[in-house]
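Number of protein chains: 2
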Amino acid sequence: MTATTDSVSRLQMANAIRALAMDGVEAANSGHPGMPMGMADVATTLFCDYLKFDPADPRWADRDRFVLSAGHGSMLIYALLHLTGYARPTIEDISRFRRLHSPCAGHPENFELAGIEATTGPLGSGLATAVGMAIAERHLNANYGDDLVDHRTWVIAGDGCLMEGVNHEAVGLAGHLKLGRLIVLWDDNRITIDGAVDLSSSEDVVARYDASGWHTVRCDGHDEASIKAALDEAIADDRPSLVACRTIIGKGAPNKQGTSATHGAALGAAEVAAARETLGWTSEPFVIPADIAAAWAEAGRRGAATNADWQARAGAAAKGADFVARMAGEFEATGWLKPYVDALIAEPKTVATRKASEMALEAITAAIPATLGGSADLTGSNNTRTKSTPPLTAAHYGGRYLHYGIREFGMGLAMNGMALHGGIVPYGGTFLVFADYCRAAIRLSALQNAQVVYVLTHDSIGLGEDGPTHQPIEHMMSLRVIPNLDVYRPADVIETAECWALALERRDGPAVIALTRQNLPQLRLEASENLSAKGAYRLKAAEGDRKVVLIATGSEVEIAVAAAKALEEAGVGADVVSMPNWRHFDAQPADYKRNLLPADMLKVSIEAGTTMGWERYVGLDGLRFGIDRFGASAPAKDLYEYFGLTAATIAPQILSALGK
Amino acid sequence: MTATTDSVSRLQMANAIRALAMDGVEAANSGHPGMPMGMADVATTLFCDYLKFDPADPRWADRDRFVLSAGHGSMLIYALLHLTGYARPTIEDISRFRRLHSPCAGHPENFELAGIEATTGPLGSGLATAVGMAIAERHLNANYGDDLVDHRTWVIAGDGCLMEGVNHEAVGLAGHLKLGRLIVLWDDNRITIDGAVDLSSSEDVVARYDASGWHTVRCDGHDEASIKAALDEAIADDRPSLVACRTIIGKGAPNKQGTSATHGAALGAAEVAAARETLGWTSEPFVIPADIAAAWAEAGRRGAATNADWQARAGAAAKGADFVARMAGEFEATGWLKPYVDALIAEPKTVATRKASEMALEAITAAIPATLGGSADLTGSNNTRTKSTPPLTAAHYGGRYLHYGIREFGMGLAMNGMALHGGIVPYGGTFLVFADYCRAAIRLSALQNAQVVYVLTHDSIGLGEDGPTHQPIEHMMSLRVIPNLDVYRPADVIETAECWALALERRDGPAVIALTRQNLPQLRLEASENLSAKGAYRLKAAEGDRKVVLIATGSEVEIAVAAAKALEEAGVGADVVSMPNWRHFDAQPADYKRNLLPADMLKVSIEAGTTMGWERYVGLDGLRFGIDRFGASAPAKDLYEYFGLTAATIAPQILSALGK
């Protein structure tokens, strides 16, 4: 910052960020002071002159979104939220940075503080999430108009964010969709953890963004006029913008600035003292001089009038109430279900569950305007497009279907961004095996309590000829272990609808719905409540003396039913339990669980994937049928036979285990 | 291809590929004819005039590597291998494309056919794997000279490969390392599965590669002269090259070419008939006219003399035998272990296992020149660099340490490429939680039987303040379910060395070694065989009447030992079993397993991660201590207390379960 009369104040304001960053990290003896100190001037300009926000109303629907993609620099956002007047974090919160129960966690967590739009830390993820927010803004703008929806999405990203592969996907998507209200401020400090960026990269980042349909501009990240000129230019351009902010990491720490030593560790008492000297910062740790605090508070009040105007407009607008409700996530999630299921009971259908999902989606997307679909270039395979969802394009933001391209990870993060923005319930498809490509996005959906639905088709060797690279084996189990994630594997057309209803009903978390490529018969032929809601239920009760309970999911429920038939014919009573969702079943009362899976009964699991994990339900004495190696390339029927997943193979082994 | 006298033959040769692709897909009624038909001319030129290979000796160490990154176009490589004279696939193999036990799987599998350098299909992965091969070539060239190592790496990539995020990481790494012997032939057909590329991308791909330090050139992918001019230019340039080959997908199928209809389904009898008409191809399905077959066979014999020359040079060269042995993976893997362990028995060490890994690596990298380390920008945290491993840079390919940059997925695939190339045993580090970023690479290591070691540090809430985004919870379990992957979690400095020895000893598969950030005491104080080799072993036998077996891994073994002490003091005999590797334990004889984990004994698992899965060893009646939610930001000690993972919390619960 230059030292003109006006900017002295801004410099001091920026130094307040620097001081808090140093103090917070020092008190924790852990954290990342370099980024907040380096980007303090840019952030000050952004929050004082550009960002539309109102700390008194953090959930204001038309606020600008700000995402700190370089999440390790969390002290930057904590300082900004505190200084501009958010109720939290308090200075006490900040002084307990990185301690148990402080909302000022090591990395920003959206569930800890109202001013945090997205959980960040895994590099590149914040930027790609912001793309989803920017899509949401344009989509809602197309539906509700400028009066109600007219905001920007701002990102601070570091070199790490720009080196991660997912940034390529995010940048490609944003450029293609011409998301002109997305502005990425790149902390171009030329330093990574290992040392200088040129240890590992020789890329011309700006040229790459140019090649992807972005507007690009450079500025001196320590010069207010230069920053403003760049931001003004970015705002004026109708493409998404990359603002390359040339900065000095750890700016203000005289002996360490400009080096990776400031990146990820406390500066130490001596260097903090030297920095205070350099910055002319004389107040005690965690104390902001009154005049500087007042200047920040004033900056924080800047948006109040704009918010009030907006509230008045929203109150008066024809679609105002609808928009507010939609942003609050208020919609009827399951009204479509009963008539849909009734029709299937009247006229049963044998279809692949991916097709069953499309059928359900026809009803869902017609009933729930907030749903917005897509696929990572597998639309015809994932069956994710419906009559209600025309493509969302740069020319038609009102569309409800995104051709995400071959960008699974970028799709997952964009969906997180839409869900976090509010007003949209995104769902998107790829093959189940490629959950591996977007696994970090799925985890972030779960961590952020974001309602995102992953439509993952081709969910077993049942996909057939594409072979081991495309056949999920370990994926169901590897997804079940992610906390807070609902993993569904429906067995027929009815269960598919039930699982969709449950995924839509749950507003505070994500779901995976695993679906078959191959046809499955309708197993549920009588009207009932949503049986999938209990996670597992008795699909067929033993006819004879019950000796065994067969537990299966998805396409293997049909096999379990056939095996049970063979067992009954051999005089062995067999229950069949369909278990579309482990998490729901685990949440049932103990009585229900005991009744379904009695302790003193042979239990058998059948799932065309890893058997590790099924001990949870069948115990150490049960039988587990599945596949504990990679798959193979062949028609599905041949594979099921080859891997021994047929009633003819399974039933005799059960009889043998029973001593028959 | 133009129709000059000379090129007619080449066109006919290319049409042989087209015919086989159509026939193979038609017979399977499944597959992807579009890409092989579109790239037939480029591939013909490459195999007839550029690629250095010898079908009679597929493992020739100095052959060019060819990677079909667009793996769905597998019929292209099957046709090429067959036509040029590899022993397999036979025409019978090809006619059984995508059937059980045919080596002509839906996607190319390196374990099925000697001429397949890498398993491909997951998009982008082949390209990023090829970067590793190209690194291996330059590294070995630096060590063994031009006489022994002097080959290129060729890639055919599709739009999908170039849209996936990992291609950004691969391209950035290749450009930075100036891998001039890497040439990527981009099948620029402007079609993806969903339709035209411009449905989802507006990127100037060539400009992006330019920005990343690549040489770029365009050609008409159906004009031999144009292709040759481009390849000549690419070879002449000392940067990695992208050759944009403008092609027509499904070229030759008159009614469907140029559309996504040719991408992923059989053309159908009528269109095949029309294509045969268009191509002037009159022979029966799977029959190649003798003159065309002869031309291809001649092209296949092109490299025999070059190979013979090379063999003579290798036989005569001072380092020839060493190189051949190294390429064959012959090295003493564990000689370093005993003296290393003896020193620790003499003088025990309390260190973090990541530090223990560094100590072991000092011995390993000094003893085994084939080891090549690296980290995704976490060198100081992963402790992966040693005195024997100076950086590998564009100026010094002989170095043995790669600063991969913030590119976890790219690192994993590059390591696969090095391992598949041969002569290198790569290991690379990131945080365990970011296994999610490179999970698809880890799966491909396992599927391809590639010896790659993933050094994954910060393996639990024990990393402390960085919080939930950085704390693995589900990761150990989610990695254990990947087939063919060895997942290690050592408990102390000795086990860490043992796990490293096992990972190095296993030549046909990958390993993950999960390591702590925090210090751990040395628990093994007596000399012994490699106890980790059994996967689990009794670290401490009950002193009193044995009532319980505590099973733990990694940092929680220390807690188990402390809990056992508390139990013994309460009069309850407790074994402590350390279980660094489930897979090895599962492979032990039943007697060993029963002895260690008796059926009629309370069993308790302690691991700072998901408890789902531990039923496998503790049964339904056992206790499982762990964490089934996301972590939190706080110092490690506070977190262990908060999550109840201390001896003081655990021991009373065990006593209670025992009715005491």
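Sequences listed follow chains A and B, in order.
Mapping the first sequence onto my numbering, position 357 (from 1) lands on 361, and the numbers just tick up by one.
Mapping the second sequence onto my numbering, position 444 (from 1) lands on 448, and the numbers just tick up by one.
Glycine residues also receive a C-beta, built at the ideal position from the N, C-alpha and C atoms.
Remember, it's a predicted structure, so these values are computed and weren't measured experimentally.
- The beta-carbon separation of Leu554 of chain A and Ile610 of chain A, rounded to 6 Å, stays under the 8 Å limit for a contact.
- Excluding five sequence positions before and after Ala374 of chain A, the CB atoms of its chain that fall closer than 7 Å to its own CB belong to Arg330, Phe335, Gly427, Ile428 and Val429, given in chain order.
- Residues of chain A whose Cβ lies closer than 8 Å to the Cβ of Tyr408 of chain B are, in chain order, Ser204.
- Around the beta carbon of Gly42 of chain A, 16 or more other beta carbons sit within 10 angstroms, so the residue counts as buried.
- Under the rule that a run must span 4 or more residues, the alpha helix (DSSP H) segments found entirely inside the segment 467-519 of chain B read 479-484 and 497-509.
- Listed by position along chain B, the residues whose Cβ is nearer than 7 Å to that of Tyr646 of chain A are Leu104.
- When Cβ-Cβ separations below 8 Å define contact, Glu207 of chain A makes contact with chain B.
- The beta carbon of Gly164 of chain B is closer than 6 Å to those of Leu127 in its chain, skipping five residues each way along the sequence.
- Leu662 of chain A carries a coil assignment under DSSP once its states are collapsed to helix, strand and coil.
- For the segment 349-382 of chain B, the set of residues with a beta-carbon nearer than 8 Å to any beta-carbon of chain A comprises Ser379, Asp381 and Leu382, in chain order.
- Straight-line measurement puts the Cα of Ala83 of chain B at about 19 Å from the Cα of Thr251 of chain B.
- Annotated as distal: Arg317 of chain B and Thr369 of chain B, with beta-carbon spacing of 8 Å or more.
- For the set B:Ser206, B:Ala570, B:Glu502 and B:Asp236, the Cα lying nearest the Cα of Ala540 of chain B is the one of B:Glu502.
- It is roughly 10 Å from the alpha-carbon of Trp285 of chain B to the alpha-carbon of Arg22 of chain B.
- Gly254 of chain A and Ser78 of chain A have their C-alpha atoms some 14 Å from each other.
- Listed in chain order, the positions of the segment 613-636 of chain B with a beta carbon within less than 8 Å of a beta carbon of chain A are Thr614, Met616, Gly617, Glu619, Arg620, Gly623, Leu624, Asp632, Arg633, Phe634 and Ala636.
- In terms of beta-carbon proximity, Met605 of chain A stays away from the interface with chain B, with every pair separated by 8 Å or more.
- Contact annotation: in the segment 39-67 of chain A, no residue has its CB less than 9 Å from a CB in chain B.
- With the rule of 3 Cβ pairs closer than 8 Å, the segment 613-633 of chain B counts as touching the segment 471-489 of chain B.
- By DSSP's assignment, Asp192 of chain A forms a beta bridge with A:Arg250.
- With contacts defined as CB atoms closer than 8 Å, Tyr408 of chain A and Gly402 of chain A fail to qualify as a contacting pair.
- Taking C-beta atoms as the reference points, Phe51 of chain B and Gln452 of chain B fail to come closer than 8 Å.
- Contact annotation: Gly130 of chain B and Val201 of chain B have beta-carbon atoms that are not nearer than 8 Å.
- Taken in chain order, the whole beta strand (DSSP E) runs of length 3 or more contained in the segment 282-336 of chain B number zero.
- The contact set of His180 of chain B on chain A, defined by CB atoms closer than 7 Å, consists of Ser204, Ser205 and Ser206 in chain order.
- The segment 226-233 of chain B makes no contact with the segment 195-210 of chain A, as fewer than three CB pairs between them are under 8 Å.
- Contact with chain B is absent for Leu600 of chain A, since none of that chain's Cβ atoms lies less than 8 Å from the residue's Cβ.
- In the three-state DSSP reduction, Pro343 of chain A falls in the helix class (H, G or I).
- According to DSSP, Thr461 of chain B shares a beta bridge with B:Phe435.
- In the DSSP assignment, Lys544 of chain B is bridged to B:Val580.
- Taking C-beta separations shorter than 7 Å and ignoring five residues to either side along the sequence, the partners of Ile296 of chain A in its chain run Gln16, Met17 and Ala20, following chain order.
- Under the DSSP assignment, Tyr90 of chain A falls outside any alpha helix (DSSP H); it carries neither an H nor an E label.
- Residue contact with chain B for Ile160 of chain A: absent (no Cβ-Cβ distance below 8 Å to any residue of chain B).
- Under the 8 Å criterion on CB atoms, Pro487 of chain A is classed as interfacial with respect to chain B.
- Against chain B, a Cβ distance below 9 Å from Leu451 of chain A picks out Pro472, Thr473 and Phe634.
- Listed in chain order, the beta strand (DSSP E) elements of length 3 or more contained wholly in the segment 622-646 of chain B are 627-629.
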